[in-house]
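In UniProt numbering, the protein residues as written are 1 to 375.
Step one of this worksheet: look at the structure below.
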């Protein structure tokens, strides 16, 4: 059995603890320690970084290509021909290219499901050309507001159909992003891009949208066909809701940037209280109900709210040296507390392992038999 270094260290500590407490003999401990090996290199991490580097080098290659004047003239003629083509033809071309990427992504997934980054890379490229398809189809309807409404609606429908057909969570994420952007554009167009829609600016609107999505996803989480999409849906709705709450804690429900810049930050304390209170409640509820994702979001945005308030209220009147030293001390205290919690979790997992899966020594077995006889 191959383990990475942190896993091997934990297992080594557990086996040593069992050996010292007499639960296993030294010979058993030695055999168990010899039954696993430590991976000397994290190939999964290397694959991830290689794909990222490949994309960056591809972009650099494109940039370098355009430094060649002969190639520049060639590509200019090609771009002119493509640009002057009808939008319907461009949409068909992009759709065909996207289909090819989806085909190879699914085929490779069935043949080699362990190559996650390669397979999802094909899907991501297919999703990109799907966006180009939506843009060209929307361009056929006109320009201006009608274009923006149509492009995100078409993208939502295309991604929805593809995600349901391919049962792919990444495409479902694109569906959610397109849908929420479409809602924002629709509300903006309906009031001619004025500040308020039903008395709400954009951040406040997305608080409502995020809350509705979170509620709907939570109520439908037990549907069998939905289980593959629920984790990413829950994550996205939480991210949308918490981000909108935090943005509202900074900008409130102001109409524009000029009004916000002329208003003192303490005027927005109700929004700051709402955002911080929601983060604290999510942290508590997630801890009580073992909702780890909710708890993680709550903790992250609770700290984000606290430090945002520090910058808002203390940046101007506090000497910068004192300000940054105070922040450094606070992060150090948080780090110490996190380290203690990590050690407690490690001890708890070791105890759980020793209760459930550890071999018992002869002394323990004798004690248990004596207790049974006495009983």
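Beta carbons: idealized from backbone N, C-alpha and C, even for Gly.
Practice task
May I ask you to verify whether the stretch 154-174 touches the stretch 230-245, counting CB pairs closer than 8 Å and requiring at least 3?
Solution key: By the C-beta criterion, the stretch 154-174 is judged to be in contact with the stretch 230-245, since at least 3 inter-stretch pairs fall below 8 Å.
Problem - Of the residues 293, 294, 313, the one placed nearest residue 250, counting alpha carbons only - result: For the options 293, 294, 313, the alpha carbon positioned closest to that of residue 250 is the one of 313.
Practice task
Would you please state the rounded distance, in angstroms, between the beta carbons of residue 169 and residue 229? I believe it to be under 8 Å.
Solution key: Their Cβ separation, rounded to whole angstroms, is 6 Å, which keeps residue 169 and residue 229 in contact under 8 Å.
Practice task
Return the CA-CA distance between residue 99 and residue 126, expressed in angstroms with no decimal places.
Solution key: If I take the Cα positions, the gap works out to 7 Å.
Practice task
Would you check if the stretch 194-202 and the stretch 150-169 touch, i.e. whether three or more CB-CB distances between them fall below 8 Å?
Solution key: As far as the Cβ criterion goes, the stretch 150-169 does not touch the stretch 194-202, which means the pair count is below three.
Handout entry: Coil, strand or helix - residue 223 by DSSP
Key = In this structure, residue 223 counts as coil in the three-state DSSP scheme.
Exercise for the section: Flag this pair as yes or no: are the beta carbons of residue 279 and residue 311 separated by less than 9 Å? Expected result: No. Outside cutoff.
Handout entry: Identified DSSP bridge partners for residue 140
Key = BP columns for residue 140 are empty, so no partner.
Practice task
Give me the Cα-Cα distance between residue 367 and residue 22, rounded to the nearest whole angstrom.
Solution key: Caution applies to residue 367, whose pLDDT of 46 falls short of 50 and renders its modelled position unreliable; the value that the coordinates give is listed next. Residue 367 and residue 22 have their C-alpha atoms spaced approximately 13 Å apart.
Handout entry: Best match in 167, 181, 253 for proximity to residue 224 [C-alpha to C-alpha]
Key = With distances taken between Cα atoms, residue 224 lies closest to 167.
Exercise for the section: Could you give the DSSP three-state label for residue 197: helix, strand or coil? Expected result: Here residue 197 sits in strand by DSSP.
Exercise for the section: Please go through the stretch 208-262 and give each complete alpha helix (DSSP H) segment of 4 or more residues, from N-terminal end onward. Expected result: Complete alpha helix (DSSP H) runs here, min 4: 230-251, 257-261.
Exercise for the section: Check residue 92 in the structure and name its three-state DSSP category. Expected result: Here residue 92 sits in helix by DSSP.
Exercise for the section: Inspect the beta-carbon positions of residue 89 and residue 129 and report whether they are closer than 9 Å. Expected result: Cβ atoms of residue 89 and residue 129: not closer than 9 Å.
Practice task
State the DSSP-derived secondary structure class of residue 30, mapped to helix, strand or coil.
Solution key: Residue 30 falls in the helix class under three-state DSSP.
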